[in-house]
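To keep things clear, I will list the structure first and then write my remarks on it.
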């Protein structure tokens, strides 16, 4: 049996609203529409399929403030990353967006209508506060730069009703929704699943790390790479997925499954690690590997690391009981040429070359 979702119920809006799909689709054609950009599309996909449970829409001001200040939604549930629909004043005025209004969420790639939002509120965030409390405030942090240079000045909060899932044409068979992945685990008879997050190609050391983590916990492995927005300069996901597919047969037979996650990363270190754990819990994982400087953006312009090497591990460990997912600390693996194997650094005898 897979791990219960965060908040107790998987908020799969696609499944919930399927009986009303035709009615909602017809209404959406008559409503003003917001055309969603790349990050907004990643966010709405994981709202609609339950990956961001317990969210049912973009955050209202109460939820946003609670998350920024205390890692809490207004109802008290743990959530560490603001998920907001940012718009310009002109868009809000032109589309008549105000509390109670209904607006269509439209895919910028193919003009398909994805959902209808019932607006709860329109508000202006304190971006300086968000930058400081969520990301640490370093002006060189890519999320801080994105917030100040690319995020619009107003946020619109409200619940969504789903019309359709986003269309993808690459690696479709690997794009499991949380419900689909949970069902897959049940069919395989998996009850303990170690999730591995990555935005990079994997190699043999990663294979050894994940196999050791799974065997120590009598579990299986979910290789769950991000294929949405990652760090600028990262290797494209088309190349990376081919690497993951090539590595999969190197696992013991039946140990690992590959699934793709359409997440827009913020490179938010400790906050992001908590968020990643919630997402993996929603996908059915019982364990989550948190690496050294997990989801960190690296160094700033002064050559200083923006986050400490273990800040993310400490953050997830702090909330482990509430998260309901066991943290597996990332072990640094060392290659031993004499025996052609990788071992955790702390298991290597001193005299070994």
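In the UniProt record's numbering, the protein residues as written are 1 to 353.
The C-beta atom is built at its ideal place from N, Cα and C for all residues, glycine as well.
The model shown is predicted, which means the values in this text are computed figures rather than measured ones.
#1: In terms of residues, what are the limits of the alpha helix (DSSP H) holding residue 40?
#2: For the region 28 to 36 against the region 58 to 67, do three or more pairs of beta-carbon atoms, one drawn from each stretch, fall closer than 8 Å, so that the two count as touching?
#3: May I have the straight-line CA-CA distance separating residue 187 from residue 220, to the nearest angstrom?
#4: Per DSSP, what kind of secondary structure is residue 352 in: helix, strand or coil?
#5: Residue 141 by DSSP, collapsed to three states: which one?
#6: What first and last residue would you give for the alpha helix (DSSP H) that runs through residue 92?
#7: Mind checking who residue 333 pairs with in its DSSP beta bridge?
#8: How far does the alpha helix (DSSP H) with residue 220 in it extend, from its first residue to its last?
#9: Judging by CA-CA distance, which residue of 151, 209 and 202 is the nearest neighbour of residue 89?
#10: Since I believe residue 97 is in contact with residue 122 (beta carbons under 8 Å), could you give me their beta-carbon distance rounded to a whole number of angstroms?
#11: Use the C-beta contact count for residue 54: other C-beta atoms within 10 angstroms, 16 or more gives buried, fewer gives exposed.
#12: Using 8 Å for Cβ pairs, my map puts residue 105 next to residue 174. What's the rounded Cβ distance?
#13: What first and last residue would you give for the beta strand (DSSP E) that runs through residue 121?
#14: Across which residues does DSSP place residue 156 in a beta bridge pair?
#15: Tell me where the alpha helix (DSSP H) around residue 410 begins and ends.
#16: Assuming residue 271 contacts residue 81 (C-beta within less than 8 Å), just tell me the rounded distance between them.
#17: In whole angstroms, what is the alpha-carbon distance linking residue 181 and residue 3?
#18: Taking just the CA atoms, how far does residue 276 sit from residue 171?
#19: Can you look up residue 269 in the DSSP assignment and give me helix, strand or coil?
#20: Mind the definition here: the region 110 to 122 touches the region 41 to 56 only if three or more C-beta pairs lie below 8 Å; say whether that holds.
#21: Pick from 35, 5 and 138: whose alpha carbon is nearest that of residue 301?
#22: How about residue 229 and residue 42: do their beta carbons lie closer than 8 Å?
#23: Measuring alpha carbon to alpha carbon, tell me which of 342, 323, 330 and 343 ends up nearest residue 7.
#24: Rounded to the nearest angstrom, how far is the Cβ of residue 87 from that of residue 169, given a contact under 8 Å?
#25: So residue 282 and residue 10 are in contact, right, with Cβ under 8 Å, and what is the actual spacing, rounded?
#26: Give every residue of the same chain whose Cβ lies closer than 8 Å to the Cβ of residue 347, excluding the five residues on either side of it in the sequence, and list them in chain order.
#27: My output table needs one value for residue 66: the three-state DSSP class, helix, strand or coil.
#28: Could you check whether residue 273 and residue 294 sit closer than 8 Å to each other, using their CB atoms as the reference points?
#29: Does the structure place the region 285 to 294 close enough to the region 305 to 320 that three or more beta carbon pairs sit under 8 Å?
#30: So if DSSP puts residue 250 in a beta bridge, which residue, or which two residues, is it bridged to?
#31: Starting from residue 287, trace the beta strand (DSSP E) both ways and give me its first and last residue.
#32: Quick one: what's got a C-beta closer than 7 Å to residue 248's C-beta in the same chain, skipping five residues either side?
#33: Quick one: what's residue 107 bridged to in DSSP?
Reading it off the structure:
#1: Counting from 1 along the chain shown, the entry for residue 40 is found at position 40. Per DSSP, residue 40 belongs to the alpha helix (DSSP H) from 38 to 48.
#2: no
#3: Translated into the one-based positions of the chain shown, residue 187 becomes position 187. Translated into the one-based positions of the chain shown, residue 220 becomes position 220. For residue 187 and residue 220, the distance between alpha carbons rounds to 13 Å.
#4: The residue you call residue 352 lines up with position 352 of the chain shown. Note: residue 352 maps to coil in three-state DSSP.
#5: On the chain shown, position 141 is the one that residue 141 refers to. Correct three-state label for residue 141: coil.
#6: Along the chain shown, one-based indexing puts residue 92 at 92. Element bounds for residue 92: 89 to 95.
#7: As a first step, residue 333 must be located in the chain shown, where it is residue number 333. Paired residues: 344.
#8: Translated into positions along the chain shown, residue 220 becomes position 220. Per DSSP, residue 220 belongs to no alpha helix (DSSP H); it is in the beta strand (DSSP E), 220 to 225.
#9: Translated into the one-based positions of the chain shown, residue 89 becomes position 89. Selected option, being the one with the closest Cα: 151.
#10: Position 122 of the chain shown, counted from the first residue, corresponds to residue 122. Position 97 of the chain shown, counted from the first residue, corresponds to residue 97. The pair is a contact, with the Cβ atoms about 6 Å apart (cut-off 8 Å).
#11: On the chain shown, residue 54 is found 54 positions in, with the first residue counted as 1. Counting Cβ neighbours within 10 Å, residue 54 comes out buried, since at least 16 surround it.
#12: As a working mapping, residue 105 is identified with position 105 in the chain shown. As a working mapping, residue 174 is identified with position 174 in the chain shown. The Cβ separation is near 25 Å, so there is no contact.
#13: Stepping through the chain shown from its first residue, residue 121 is reached at position 121. Segment 113 to 123, the beta strand (DSSP E) holding residue 121.
#14: Mapped onto the chain shown, residue 156 falls at position 156. Residue 156 is bridged to 85 and 122.
#15: The chain is shown from 1 up to 353; residue 410 falls before or after that span and cannot be answered.
#16: Your numbering for residue 271 matches position 271 in the chain shown. Your numbering for residue 81 matches position 81 in the chain shown. Between residue 81 and residue 271 the Cβ distance is about 6 Å, and since that is below 8 Å, they are a contact.
#17: Within the chain shown, the letter at position 181 stands for residue 181. Within the chain shown, the letter at position 3 stands for residue 3. Answer to the nearest angstrom: the Cα atoms are 12 Å apart.
#18: Indexing the chain shown from 1 puts residue 171 at position 171. Indexing the chain shown from 1 puts residue 276 at position 276. Each residue's Cα considered, the two are about 22 Å apart.
#19: Within the chain shown, residue 269 is the residue found at index 269, counting from 1. Helix, per DSSP.
#20: yes
#21: Translated into positions along the chain shown, residue 301 becomes position 301. The residue with the shortest Cα to Cα distance from residue 301 is 138.
#22: Here residue 229 refers to the residue found at position 229 of the chain shown. Here residue 42 refers to the residue found at position 42 of the chain shown. Going by C-beta atoms, residue 229 is nearer than 8 Å to residue 42.
#23: As a working note, residue 7 is residue 7 in the chain shown. Comparing Cα positions, the closest option is 323.
#24: If you number the chain shown from 1, residue 87 lands on position 87. If you number the chain shown from 1, residue 169 lands on position 169. 28 Å between Cβ atoms; not a contact.
#25: Position 282 of the chain shown, counted from the first residue, corresponds to residue 282. Position 10 of the chain shown, counted from the first residue, corresponds to residue 10. That pair is a contact at about 7 Å.
#26: Residue mapping note: residue 347 aligns to position 347 of the chain shown, counting from 1. Excluding residues within five positions, none has a Cβ falling inside 8 Å.
#27: Here residue 66 corresponds to residue number 66 of the chain shown, with the count starting at 1. Helix.
#28: To locate residue 294, count along the chain shown from 1; it is residue 294. To locate residue 273, count along the chain shown from 1; it is residue 273. Yes, these two residues count as a Cβ contact at 8 Å.
#29: yes
#30: The residue you call residue 250 lines up with position 250 of the chain shown. Note: residue 250 sits in no beta bridge, so no partner.
#31: As a working mapping, residue 287 is identified with position 287 in the chain shown. Note, residue 287: beta strand (DSSP E), 287 to 290.
#32: Position 248 of the chain shown, counted from the start, is the residue given in the question as residue 248. Once the five neighbours on either side are set aside, the close Cβ partners of residue 248 are 256 and 258.
#33: Here residue 107 refers to the residue found at position 107 when the chain shown is read from its first residue. Note: residue 107 sits in a beta bridge opposite 36.
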